[in-house]
Structure formats: structure tokens, C-alpha cells
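*Asks:*
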Amino acid sequence: MDKYVVSSAPFIHSGNDINKMFLYTGIALVIPGIFGVMFFGLPALFIILVAFFSCLLSEIFYNLFVAGKFIVKDFSFFVTAMTLALTMPYNAPLWIVALAGFVSIFGVKFAFGGLGKNKFNPSVIGRALAGILFATLSTDIFTFNYKDQIYTSLTAGGSNTITQLLTGQAVGGIGTTCIIAILICCAFLIYAEVIDYKIPILAVLSYFVVAVIFDGLDLGFMNLCSGSFVFVSVFMLTDPNTSPNTFFGKVIYSVLYGGLCALLWHFKFLGENTAFAVLIFMDLLVPFMDHYLIVKPSKLGGYRHAHKN
1235 MDKYVVSSAP FIHSGNDINK MFLYTGIALV IPGIFGVMFF GLPALFIILV AFFSCLLSEI
1295 FYNLFVAGKF IVKDFSFFVT AMTLALTMPY NAPLWIVALA GFVSIFGVKF AFGGLGKNKF
1355 NPSVIGRALA GILFATLSTD IFTFNYKDQI YTSLTAGGSN TITQLLTGQA VGGIGTTCII
1415 AILICCAFLI YAEVIDYKIP ILAVLSYFVV AVIFDGLDLG FMNLCSGSFV FVSVFMLTDP
1475 NTSPNTFFGK VIYSVLYGGL CALLWHFKFL GENTAFAVLI FMDLLVPFMD HYLIVKPSKL
1535 GGYRHAHKN
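Per the numbering used here, the sequence shown starts with residue 1235, numbered consecutively.
#1: Looking at the structure shown, is residue 1429 part of a helix, part of a strand, or coil, going by DSSP?
#2: My parser needs the beta strand (DSSP E) runs of 3 or more residues fully inside the region 1431–1489; what are they?
#3: Between the region 1254–1271 and the region 1403–1421, do three or more beta carbon pairs fall short of 8 Å?
#4: Counting only the same chain and skipping the five closest in sequence on each side, list residues whose C-beta sits under 6 Å from that of residue 1448.
#5: Name the residue from 1494, 1513, 1293, 1272 whose alpha carbon lies nearest to the alpha carbon of residue 1354.
#6: Would you call the region 1451–1464 and the region 1479–1488 in contact, with 3 or more CB pairs under 8 Å?
#7: To which residues of the same chain is residue 1423 closer than 6 Å at the C-beta, ignoring the five residues directly before and after it?
#8: Between the Cα of residue 1520 and the Cα atoms of 1472, 1270, 1493, which residue gives the shortest distance?
#9: So what's residue 1266 in DSSP terms, helix, strand or just coil?
#10: Just confirm the distance between the C-beta atoms of residue 1341 and residue 1288, as a whole number of angstroms; I'd bet it's less than 8 Å.
#11: Reducing DSSP to helix, strand and coil, say where residue 1321 ends up.
#12: Hey, how far is the Cα of residue 1320 from the Cα of residue 1282?
#13: What residue does the alpha helix (DSSP H) around residue 1297 start on, and which one ends it?
#14: Below 8 Å on the Cβ atoms is my contact criterion, and I expect residue 1437 with residue 1492 to pass it. Report the Cβ-Cβ distance as a whole number of Å.
#15: Tell me whether residue 1293 is buried or exposed, calling it buried when 16 or more other Cβ atoms sit within 10 Å of its Cβ.
#16: So, is residue 1272 buried or exposed, given that buried needs 16 or more other C-beta atoms within 10 angstroms?
#17: Just the C-alpha distance for residue 1373 and residue 1425, rounded to the nearest angstrom, thanks.
#18: Measuring only the C-alpha atoms, how far is residue 1274 from residue 1324?
#19: In this structure, how does DSSP classify residue 1326 when only helix, strand and coil are distinguished?
#20: Just tell me which of 1285, 1278, 1366, 1257 has its CA closest to the CA of residue 1504.
#21: Check for me: the alpha helix (DSSP H) holding residue 1400 runs from which residue to which?
#22: Give the secondary structure of residue 1494 by DSSP, where H, G and I count as helix, E and B as strand, and everything else as coil.
#23: By Cβ distance below 6 Å, which residues in the same chain neighbour residue 1332 in space, the five residues on each side in sequence not counted?
#24: Would you decide whether residue 1507 is buried or exposed? Buried here means 16 or more other CB atoms lie within 10 Å of its CB.
#25: Report yes if the C-beta distance between residue 1357 and residue 1470 is below 8 Å; otherwise report no.
#26: Report buried or exposed for residue 1523, applying the criterion of at least 16 other Cβ atoms within 10 angstroms of its Cβ.
#27: Do residue 1270 and residue 1408 count as a contact pair if the criterion is CB distance below 8 Å?
#28: Roughly how many angstroms separate the alpha carbons of residue 1444 and residue 1276, rounded to a whole number?
#29: Determine whether the beta carbon atoms of residue 1496 and residue 1441 lie at a separation below 8 Å.
#30: Give every residue of the same chain whose Cβ lies closer than 8 Å to the Cβ of residue 1362, excluding the five residues on either side of it in the sequence, and list them in chain order.
#31: Can you tell me whether residue 1397 is buried or exposed? The criterion is at least 16 other CB atoms within 10 Å of its CB, across all chains shown.
#32: Nearest to residue 1343 by CA position, among 1317, 1460, 1311, is which residue?
#33: Using only alpha-carbon positions, find the residue among 1477, 1401, 1494 that is nearest to residue 1525.
Here is the structure:
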């Protein structure tokens, strides 16, 4: 007698192991992290370490509480810790970093049922919380003295050159300032089939077009390379757990994200927190995209390839 296995979707596997995907993403995140520590020094390293141990201990304690085992099941906590830490300013209070790590794991990842079930990227919520708390503690969080030269972010009234923005000699999140390093990581993750190339590319193009329309070519490019937008587009927007499942959903998701970020940056509504606030809003729309942007039967039978990636 034949045996049948009853299971829920998805039924087709891409061949990518989930731990391998997190491992590759974690390795890629180390690269901008190194550039950030080289520029900002030990304070940046301390923030990375605090985020790491906060997420690790939160993961272990939850597993102890639920499964009764002192284990870490996958590398997802490391990706959460790194994306959280690298979007922090170098002088963020360590207790806020620790709290953000705890909230990312306990309040987001496990609150929705664990890996694969969370409705929001855990580190995005943690970083948004840190932005709310930290904004009340300091008004000059994006000013930094490096080798007797003062660097000030655009949101704090500063100015940068294209070279500074591309090579990381600028002020912002610890790992978000070296655009070249982020783009190299993006190419690696696309080549390894860890992320969908459409999402970061369309998001960046959308941002650039809107920024050029409102601010001109030169300033539009400067705005694109400032803040955390490029970093978020590569490492957070592409989260397979929270991004849409359909082709058209991914297109709308990416284009709308980039355009909204550019508009808010132009009108200076949210400053450095723009990329995170907009991503939370976009994640709220994903269930509707997945529900309405589905494959529909054609008149001649069969299905249109709306899902084709």
C-alpha cells in the first residue's frame, strides 16, 4: 500500500538550507561591521557585542522556557543581532542596545511563534524602539570626530562627499555608511541565492528616481547613499519571512518602499529612522499583497505565472 504524506505548503523546495542562508547572511554582515569598527572604534565593537549577547541569551532563555533545553536552533539570532547593531549609532547607550535585542527576540520573533512565523523583521522593531528611546537622550547622535576631522550626518546639518559616503568615512549607523562594502555583500548574497535580486535593486532604483525628481541628480544620489536605506534594502527588506511571496507583490513592495523613503527623507519627517519606520509599514501590507496578488486561472485553462520569480 502506498504511503502518503499530508503536509502544508510550500511543496517545492529551493534547495537552500535555512541555516546556510543565515550563515551566509551573517558572514556578509561581518564585512560592513569591520568597516564600522575601524571607523568608529571600540564603542562600535561594544555595541555589536552587547547586541550579540542580548540576542543569544534571549534565544537560549526562551528555548529553556518553552522546550526545556539549553540550545540555539539556528543562526537567525546572529543575523538579528548584527542587523540591529550595525544600524545603531556608535554612541547608543548599551542598555538600549540590550533592550532592543531582547525585544527583537522575545517581543517579535517568538511572540509570533518563532522562526518563519514572525510578521515583522525582528531587528527592525528593535531598532525602531531604540530610535524612539535614544532620540530623547541626545540631539547630536550623528556627529563624530575621526582623526581630528569632524563628521556630521546630513540629518544633523552636515555635508559629505561621494567618496566619503562610498568608503564609509561618514556618520550614520555603525555598518550602514560604507556603501561599497554593502554592495559587495549584496552581490554575494544574490550569487548565493540567499536574497531575491529584484527587491534591493527595485528599491534603490525607486528611491533614486524619486530623490532626483525632488532634489536633483547630485543631491538625490547623496541622499541615496546617506542614512541606512541601502543597508536596510539589502539585509532587512529582503527577509524571506516578511517580504511578499508573489512576483508582483515583490515589485510593488520594493518600489513603494523606495519611493516612500525618498519622500520622507526629502521632507525630513523621520530623519535617520525613516528606513525602519517605512519598512514596518510595508510589512503590514504584505499579508494583503499575498492575498490579492495571487495566481488566477486563465480562460484557456492553466494558470498565469504571477508567482514566477
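Cβ atoms here follow ideal geometry from the backbone N, Cα and C, with glycine treated the same way.
This one's a predicted model, so the numbers in the text were calculated from it and none came from an experiment.
*Replies:* Straight from the coordinates:
#1: coil
#2: none
#3: yes
#4: 1500
#5: 1513
#6: no
#7: 1262, 1429
#8: 1472
#9: helix
#10: Actually they are not in contact, since the Cβ atoms of residue 1341 and residue 1288 sit about 12 Å apart, beyond 8 Å.
#11: coil
#12: 7 Å
#13: 1276–1300
#14: 4 Å
#15: buried
#16: exposed
#17: Confidence at residue 1373 is low in this model, with a pLDDT of 42, below 50, so its placement is unreliable and the value that follows should be read with caution. Their backbone Cα atoms lie some 40 Å apart in a straight line.
#18: 6 Å
#19: coil
#20: 1366
#21: 1396–1401
#22: helix
#23: 1284, 1288
#24: buried
#25: yes
#26: buried
#27: yes
#28: 37 Å
#29: yes
#30: 1507, 1510, 1511, 1514
#31: exposed
#32: 1311
#33: 1477
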